[in-house]
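S.K.: Residue numbers (this note's numbering): 5 to 393.
For glycine and all other residues, C-beta sits at the position ideal for the given N, C-alpha and C.
Nothing here was measured: the structure is a model prediction, and the numbers come from that model.
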Amino acid sequence: MTKQKLGLNTICTHVGDIKDEQFNGAVSPIYLSTSYQFEDVDVLRYPRYFNTPNQEYLSKKIAALEHAEAAMIFGSGMAAISTSLMAFLSAGDHIVLQKDLYGGTRNLVETQFDRYHIEYTFTEGLKLSDFEKVLQPNTKMIYIETPSNPLLKIVDIKEIADLSISRNIISVIDNTFASPVIQNPIDFGIDIVIHSATKYFGGHSDICAGAVASTQEHISTIWNLAKNTGGSLSDFTVWMLERSMKTLGIRVRTQNRNAKKIARFLERHERINKVYYPGLKSHPDYKLAKTQMKSFGAMLSFELIEGIDASAFLKALNLIKPTMSLAGVESTMLLPYKASHALLSQEERDAQGITDRLIRFSVGIESRKDIIQDIEQAILKTSSKVLIN
Numbered sequence: 005m006t007k008q009k010l011g012l013n014t015i016c017t018h019v020g021d022i023k024d025e026q027f028n029g030a031v032s033p034i035y036l037s038t039s040y041q042f043e044d045v046d047v048l049r050y051p052r053y054f055n056t057p058n059q060e061y062l063s064k065k066i067a068a069l070e071h072a073e074a075a076m077i078f079g080s081g082m083a084a085i086s087t088s089l090m091a092f093l094s095a096g097d098h099i100v101l102q103k104d105l106y107g108g109t110r111n112l113v114e115t116q117f118d119r120y121h122i123e124y125t126f127t128e129g130l131k132l133s134d135f136e137k138v139l140q141p142n143t144k145m146i147y148i149e150t151p152s153n154p155l156l157k158i159v160d161i162k163e164i165a166d167l168s169i170s171r172n173i174i175s176v177i178d179n180t181f182a183s184p185v186i187q188n189p190i191d192f193g194i195d196i197v198i199h200s201a202t203k204y205f206g207g208h209s210d211i212c213a214g215a216v217a218s219t220q221e222h223i224s225t226i227w228n229l230a231k232n233t234g235g236s237l238s239d240f241t242v243w244m245l246e247r248s249m250k251t252l253g254i255r256v257r258t259q260n261r262n263a264k265k266i267a268r269f270l271e272r273h274e275r276i277n278k279v280y281y282p283g284l285k286s287h288p289d290y291k292l293a294k295t296q297m298k299s300f301g302a303m304l305s306f307e308l309i310e311g312i313d314a315s316a317f318l319k320a321l322n323l324i325k326p327t328m329s330l331a332g333v334e335s336t337m338l339l340p341y342k343a344s345h346a347l348l349s350q351e352e353r354d355a356q357g358i359t360d361r362l363i364r365f366s367v368g369i370e371s372r373k374d375i376i377q378d379i380e381q382a383i384l385k386t387s388s389k390v391l392i393n
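This is the structure:
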């Protein structure tokens, strides 16, 4: 592709295409071979080396979207997270992580890092001072996630990047909830950007994958570990992911528009106790979100009033799917305490404000009117006996 600056949808559609030299087809061909020539070639290609044609070229698209020098694709979001962390952390190193994180990430740290004698500290809050006060002489990395899962809390990306640069610490962010359509952390100085590509990159609830974007130097360090741990992705799934990413901008912007309107509807509803969405002016980090997000994304959470059973509410939905995961074209809801944060203890969930009545809502591309009507009928069906003060 040309070196000129391309628009988002052009990057999604064209960057990372593989030209069909034989038949001039409109889409990238799939190279399913697991065995490639090794003599008289510039690159030794092997699936576990993350450099088959489909793997290599899709990585170019991801790097372009995140304004990075290079990228890698993994078999899952957790493969991307675990490999990126372990590639830079060794026994005796220390990592600072924000308090509010995806449950799988926190579980990885709490159950595995002690085994490798890697020290870690979770912050008490999300302000810069919360990170500064837990830094140690052996701190090697700061890890953040913004917006956070599931309460959509916002961390100041530039402050964390500047702090990391000043202390010669590697900064890492999970950018899954925002996607590169909404937020580009590298532009603020973050070193490594991670995605569960299962989510917005895939967008159709049929792909499990992960992605990492960074400088070529950092990607090389991650690759040196990844080639040994084997978290690569099959080329057929890579091809499906490339196909899905062509509509990333269109999907996310449509979902984003729906989410903003639905969040306002929920905030006004008498049977909703609280709504967590950074695009609401009532959100404590609304002004900060405006400075680092192009819009506010399509993820939100809300808490039902006491007396309404959250599980019963989900079962009463007709259109919205009560399923695991997020970011598909279809609207989905789940209970974090039973799904995304089930690996945390009750005490840990309570400390983060994750109640049994909290519902995480991934807004889809359906008609906004239809989504709202489905929520309304489910609330009425499950709360007819609840008195409103």
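(1) Tell me the DSSP secondary structure of Met5 in three-state form.
(2) Please name the residue, chosen from Gly235, Ser133 and Phe126, that lies closest to Tyr147 on a Cα-to-Cα basis.
(3) Output yes or no for whether 8 Å exceeds the beta carbon distance between Asp210 and Ile34.
(4) Am I right that Leu156 and Tyr280 are in contact with their C-beta atoms under 8 Å? What's the rounded C-beta distance?
(5) Mapping DSSP to helix, strand and coil, what is Ile363?
(6) Any idea what DSSP makes of Tyr280, helix, strand or coil?
(7) Need the endpoints of the alpha helix (DSSP H) that Leu105 sits in, please.
(8) For Ile358, which three-state DSSP category applies?
(9) Can you say whether Phe42 is buried or exposed, counting buried as having 16 or more other CB atoms within 10 angstroms of its CB?
(10) Decide yes or no for the touch test of the region 154-168 against the region 200-210: beta carbon pairs closer than 8 Å, at least 3 of them.
(11) Are Ile266 and Ile376 closer than 8 Å when you measure CB to CB?
(12) Assign Lys137 to one of two classes, buried (16 or more other C-beta atoms within 10 Å of its C-beta) or exposed (fewer than that).
(13) Could you check what DSSP says for Ser248 in three-state terms: helix, strand or coil?
(14) May I ask you to report which of helix, strand or coil DSSP gives Lys264?
(15) Helix, strand or coil: which one does DSSP assign to Leu330?
(16) If you run the structure through DSSP and keep just helix, strand and coil, what is Ile146?
(17) Would you mind reading off the limits of the alpha helix (DSSP H) that contains Ala91?
(18) Quick one: measure Cβ to Cβ for Ile276 and Phe306, integer angstroms, because I've assumed they're closer than 8 Å.
(19) Specify, as a first and last residue, the run of the alpha helix (DSSP H) that Ala165 falls within.
(20) Given a threshold of 16 other Cβ atoms within 10 Å of its Cβ, counted over all protein chains shown, does Phe135 qualify as buried or as exposed?
(21) Can you name the start and end residues of the beta strand (DSSP E) that Glu307 belongs to?
(22) Kindly indicate which residue of Ser349, Ala74, Ala67 and Gly129 has the alpha-carbon position closest to the one of Glu114.
(23) Given a threshold of 16 other Cβ atoms within 10 Å of its Cβ, counted over all protein chains shown, does Ile196 qualify as buried or as exposed?
(24) Are there 16 or more other CB atoms within 10 angstroms of the CB of Leu69, so buried, or fewer, so exposed?
(25) So Met90 and Val216 are in contact, right, with Cβ under 8 Å, and what is the actual spacing, rounded?
(26) Applying the 10 Å Cβ sphere with the 16-neighbour rule, what's the burial state of Asn393?
(27) Just to confirm before moving on: does the CB-CB distance between Gly311 and Glu334 stay below 8 Å?
M.R.: On the basis of the data shown:
(1) With a pLDDT of 44 at Met5, under the threshold of 50, the modelled position of this residue cannot be trusted, and the question is left open.
(2) Distance check between Tyr147 and each of Gly235, Ser133 and Phe126 places Phe126 closest, using alpha-carbon atoms only.
(3) With respect to the 8 Å criterion, Asp210 and Ile34 are not classified as neighbours on the basis of their beta carbons.
(4) Rounded, the Cβ-Cβ distance is 5 Å, consistent with contact.
(5) Note: Ile363 maps to strand in three-state DSSP.
(6) If DSSP states are grouped into helix, strand and coil, Tyr280 belongs with the strands.
(7) If you look at Leu105, you'll find it isn't in any alpha helix (DSSP H); DSSP assigns it neither H nor E.
(8) Under the three-state reduction of DSSP, Ile358 is assigned to coil, being neither helix nor strand.
(9) Classification for Phe42: exposed.
(10) Cβ pair count under 8 Å is below three, so no.
(11) Between Ile266 and Ile376, the C-beta gap is smaller than 8 Å, which places the two residues in contact.
(12) Counting of Cβ neighbours within 10 angstroms places Lys137 among the exposed residues, the total staying below 16.
(13) Note: Ser248 maps to helix in three-state DSSP.
(14) Reduced to three states, the DSSP call for Lys264 is helix.
(15) Assigned with DSSP and collapsed to three states, Leu330 falls in coil, not helix or strand.
(16) Correct three-state label for Ile146: strand.
(17) Unbroken alpha helix (DSSP H) run through Ala91: Gly81 to Phe92.
(18) In this structure Ile276 touches Phe306 by the C-beta definition: roughly 5 Å separates them, less than 8 Å.
(19) Looking at the DSSP string, the run of the alpha helix (DSSP H) that includes Ala165 is Ile161 to Ser170.
(20) Phe135 is buried by the Cβ-count criterion.
(21) Note, Glu307: beta strand (DSSP E), Met303 to Leu308.
(22) Put simply, of Ser349, Ala74, Ala67 and Gly129 the residue whose alpha carbon is nearest the alpha carbon of Glu114 is Ser349.
(23) By the 10 Å Cβ count, Ile196 comes out buried.
(24) Flag for Leu69 reads buried.
(25) Incorrect: roughly 12 Å between the Cβ atoms, too far for contact.
(26) Summary for Asn393: the model assigns pLDDT 47, below 50, so the residue's position carries little reliability, and this model does not support an answer.
(27) Their beta carbons are not under 8 Å apart, which means Gly311 does not touch Glu334 by this criterion.
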